[in-house]
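Numbering (the numbering used here), first residue to last: 69 to 192.
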């Protein structure tokens, strides 16, 4: 360790890495980053099997329930989980496709400075 650099304790360095102005986590910046194909594939690998599993659980509880009230109550959980997984898959896929269309329109594949997640893409 050289004498010209000041020592910063590990706890302060960790605090600097995780937090910035007004105690807003840096992870909020991930929402404005251009989406990548790797993240999209990861989201599909995580949520698609769960959505399909929720459908299977819902159908199996529907066939095994003794009366209609039990069937409806036992379907609430799988249906809600399927809706959540489907919403996540839809929004992430849409976000990736919009960014892909926008980068194709601009002609720059690697430049992510033009990506704005709230803007729509119009092709002329």
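Note that CB positions come from ideal geometry on N, CA and C, so glycine has one too.
DSSP three-state assignment for residue i, whether helix, strand or coil
i, result
"residue 172", "helix"
"residue 75", "coil"
"residue 103", "coil"
Close-in-space but distant-in-sequence residues of the same chain around residue i (CB under 8 Å, 5 per side omitted)
i, result
"residue 133", "139, 142"
"residue 119", "149, 150, 153, 154, 157"
Residues near residue i in its chain [Cβ-Cβ closer than 6 Å; skip 5 each side]
i, result
"residue 192", "Below a pLDDT of 50, predicted positions are generally treated as unreliable, and residue 192, at 45, falls in that range; no measurement from the model is reported."
"residue 103", "163, 164, 167"
"residue 199", "Outside the displayed span of the chain (69 to 192) sits residue 199, for which this structure offers no information."
Hey, is the segment 114-129 in contact with the segment 144-153, meaning 3+ C-beta pairs nearer than 8 Å? yes
Inside the segment 130-174 only - alpha helix (DSSP H) runs reaching at least 4 residues: 136-174
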